[in-house]
Amino acid sequence: MAKISYRVRPETAVLTRGFDPKLSVGSARPPVYRSSTFVFPSPEAAELAFNVVLGKLRPSGDYRPDLIYARLNHPNAEILEEQLVPLERDARAAAIFNSGMAAIFTVLITFLERGGSMIYTRPVYGGTQHLIHNIIEPLGFRSIPVAAGDGKALAEVIGQTDNLSLVLIETPANPTLTMTDIALAASALQRRPRRALLAVDNTLLGPTFQHPLSRGADLVIYSATKFLGGFSDLLAGAVLATDPELIQTLTGTRALLGNILQADECWILDSRLSTVALRMNRQSKNAQRIAEQLAMHRRVRRLRYPSLFDDQEQIRIRDAQTDYPGSLMSLDIDGGKPGAFEFLRRLKIAKNAVSLGGVETLACHPMTTTHSEFSAEEFAAAGITDSMVRISVGTEHWRDLLAEFTRALDAL
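Residues in the sequence shown are numbered consecutively from 616, following our numbering.
Next comes the structure, spelled out in structure tokens:
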């Protein structure tokens, strides 16, 4: 494929980057390269490739080392990573992983320095919190939680923390949808005498609706299982950065851990990228229509959805750093846990399942599923209640979903 010399939009770039049909007998789409090892053109090329991958040499210009072994990299991963880059504003490099948790773990284990500290906003996804408490902290790293949305507290903790290596922000927060000001965190980090990295888990709004690198983040993390994959049929993770050297360092760790995404899954995910914006826009429009109606239902005590924020600081952050509200909402339902469970039992179109971002609508009870790792104190601090139901709105007709949710609420 001839290299395009002019700027095109992400939806176009994702279909024109990363793959040259001439290298695959004219195939319009990439084949699956199921090979664990790759043949070198010469012993000298093998030596050079190993020197580059081990960091002994820094290649110059457009040089790309020959492939060595699929644990390090493989053609389908390279194609996918190149096609991810234009989807993320200001990204210049990407690394793909075999799950979102693998991506987060690799970021933490790579960039946390010996005896160093990390700050993270709370709530975060329950798996992330479990990782921090049960693996990262026992390795000797210190973690400091700060309430999501409290920019003043976050800036103060950033300024006061010794040996700070990394700040991890999940915004909007799962499952409360609380937003944290990315630019404020980046500004606070810039005032430190010694650099620490800012990583943003952007899974809930994806590259379509929020652009953390443009707001000062160093790394953007995704569970690509969610909106990027979009069909609840694969596990994947991704990390993107403006600085390619950060990604090169990260892929060095990935090569040792062996948590690169395999060829078949790369091929599937690659085929989904061209429809990310189409799916996410449809899902967001559905969710907004549904949220506006459910917020008025007598059985809904509180509905959390970005376009319906009533807190002025949350409105300011939303307007500054997001383009659309997305497709996730959380409802506090009358009747506590029994009421929430009864609501879930009555759903037929929506599925009672964890995860999010798929074309099918999913609903779950965070306190007993995705965030069951939390203590009572952590639930209270995060604002997660026993009456909360999280809904990830899919691409079904919004009127059918609204009718089902209304019937389930009416029956309580």
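For every residue, glycine included, the Cβ atom is placed at its ideal position computed from N, Cα and C.
Closest by C-alpha distance to residue i, when choosing among the options
i: Gly-821; options: Tyr-735, Val-668, Ala-978, Met-895; result: Met-895
i: Glu-928; options: Phe-720, Lys-767, Val-739; result: Lys-767
i: Leu-663; options: Ile-862, Ala-935, Pro-680; result: Pro-680
i: Tyr-648; options: Ser-922, Leu-781, Ala-685, Gly-774; result: Ala-685
i: Gln-775; options: Phe-653, Leu-946, Ala-763, Ala-811; result: Ala-811
i: Gly-954; options: Met-911, Gly-941, Ala-1023, Lys-900; result: Ala-1023
i: Ile-747; options: Val-722, Glu-771, Ala-763; result: Val-722
i: Ile-999; options: Asn-778, Val-623, Gly-951, Leu-672; result: Gly-951
i: Leu-687; options: Phe-653, Asn-967, Gly-715, Ala-839; result: Phe-653
i: Asp-879; options: Thr-791, Pro-753, Asn-713, Val-761; result: Asn-713
i: Ile-751; options: Gly-764, Asp-765, Met-733, Val-761; result: Met-733
i: Ser-1040; options: Ala-997, Leu-638, Tyr-920; result: The displayed coordinates of the chain run from 616 to 1027. Any statement about residue 1040 would go beyond what the structure contains.
i: Glu-860; options: Val-667, Gly-844, Glu-771; result: Val-667
i: Leu-792; options: Phe-989, Asp-925, Leu-669, Glu-988; result: Asp-925
i: Ile-665; options: Ala-839, Ile-930, Gly-867; result: Reading off the sequence shown, one finds Phe at residue 665, where the question assumed Ile. Among Ala-839, Ile-930, Gly-867, the Cα nearest to that of Phe-665 belongs to Gly-867.
i: Thr-840; options: Arg-729, Ala-991, Leu-876, Thr-786; result: Leu-876
i: His-826; options: Thr-786, Ala-870, Leu-669; result: Thr-786
i: Leu-828; options: Pro-790, Ile-784, Leu-865, Phe-842; result: Ile-784
i: Ala-870; options: Leu-638, Pro-674, Ala-717, Ser-642; result: Ala-717
i: Val-772; options: Ser-802, Gly-755, Arg-704; result: Ser-802
i: Arg-704; options: Ser-990, Glu-626, Gly-731, Asp-796; result: Glu-626
i: Pro-674; options: Gln-863, Ser-990, His-745, Arg-914; result: Gln-863
i: Ser-990; options: His-1012, Met-794, His-745, Leu-849; result: His-745
i: Leu-849; options: Ser-970, Ile-724, Gly-730, Ser-650; result: Ser-970
i: Leu-779; options: Ser-942, Thr-795, Leu-638, Glu-728; result: Glu-728
Rounded C-alpha distance that separates residue i from residue j
i: Thr-983; j: Ser-657; result: 57 Å
i: Ala-798; j: Arg-830; result: 5 Å
i: Thr-823; j: Ile-964; result: 26 Å
i: Ala-788; j: Leu-702; result: 22 Å
i: Ala-906; j: Leu-918; result: 7 Å
i: Trp-882; j: Arg-644; result: 10 Å
i: Ser-889; j: Gly-633; result: 13 Å
i: Asn-874; j: Glu-659; result: 28 Å
i: Met-944; j: Phe-994; result: 18 Å
i: Pro-1018; j: Asp-949; result: The identity of residue 1018 in the sequence shown is Ala, whereas the question assumes Pro. Going by the C-alpha atoms only, they are around 18 Å apart.
i: Arg-624; j: Leu-909; result: 36 Å
i: Leu-630; j: Ala-692; result: 15 Å
i: Ala-574; j: Arg-916; result: What the structure shows of the chain is the stretch from 616 to 1027, and residue 574 is not part of that stretch, so it cannot be assessed.
i: Thr-985; j: Gly-972; result: 15 Å
i: Met-616; j: Val-640; result: Low local confidence applies: a pLDDT of 45 at Met-616 is under 50, so the model's placement there is unreliable, with the coordinate-based value given in what follows. Roughly 12 Å between the two C-alpha positions.
i: His-912; j: Ala-763; result: 27 Å
i: Arg-933; j: Gly-715; result: 24 Å
i: Phe-726; j: Arg-1014; result: 46 Å
i: Thr-743; j: Ser-1002; result: 23 Å
i: Pro-636; j: Arg-887; result: 19 Å
i: Asp-938; j: Leu-959; result: 30 Å
i: Leu-672; j: Ile-683; result: 16 Å
i: Leu-1016; j: Pro-753; result: 44 Å
i: Phe-720; j: Leu-962; result: 35 Å
i: Glu-957; j: Thr-976; result: 17 Å
i: Leu-781; j: Lys-966; result: 37 Å
i: Pro-760; j: Leu-865; result: 24 Å
i: Phe-756; j: Glu-988; result: 20 Å
i: Ala-661; j: Phe-655; result: 6 Å
i: Ile-694; j: Ala-996; result: 43 Å
i: Ser-758; j: Leu-872; result: 23 Å
i: Thr-1021; j: Arg-914; result: 9 Å
i: Tyr-678; j: Pro-690; result: 16 Å
i: Val-1008; j: Asp-765; result: 27 Å
i: Glu-593; j: Tyr-735; result: Absent from the model: residue 593. The displayed extent of the chain is 616 to 1027, so no value can be given.
i: Ala-628; j: Val-700; result: 9 Å
CB-CB length for residue i against residue j, believed under 8 Å
i: Arg-904; j: Thr-1010; result: Actually they do not touch by this definition, with Cβ atoms about 13 Å apart.
i: Ala-851; j: Leu-884; result: 5 Å
i: Val-1004; j: Leu-923; result: At roughly 16 Å, the Cβ-Cβ gap does not stay under 8 Å, so Val-1004 and Leu-923 are not in contact.
i: Ala-978; j: Ile-1006; result: 5 Å
i: Pro-940; j: Ala-892; result: In fact, because the Cβ distance is near 15 Å, the residues do not count as touching under 8 Å.
i: Val-974; j: Gly-845; result: 6 Å
i: Pro-790; j: Pro-981; result: 4 Å
Residue ranges of each alpha helix (DSSP H) run of no fewer than 4 residues wholly in the stretch 844–908, ordered along the chain? 859–872, 878–887
Give, in chain order, every unbroken run of the beta strand (DSSP E) that is at least 3 residues long and sits entirely within the stretch 904–973. 915–919, 943–948
Start-end ranges of the beta strand (DSSP E) lying completely within the stretch 687–713, minimum 3 residues: 708–712
With three or more beta-carbon pairs closer than 8 Å as the criterion, would you say the stretch 833–841 touches the stretch 809–821? yes
If you pair each beta-carbon of the stretch 800–807 with each one of the stretch 850–858, do three or more pairs fall below 8 Å? no
Whether or not the stretch 693–709 and the stretch 734–748 are in contact is what I'm after, with contact meaning three or more pairs of Cβ atoms, one per stretch, closer than 8 Å; do they touch? no
Quick one: complete alpha helix (DSSP H) runs, 4+ long, within the stretch 776–834? 797–805, 821–824
Continuous alpha helix (DSSP H) assignments of at least 4 residues falling wholly in the stretch 709–760: 715–726, 741–746
Runs of alpha helix (DSSP H) lying entirely within the stretch 621–661, each at least 4 residues, in chain order: 625–628
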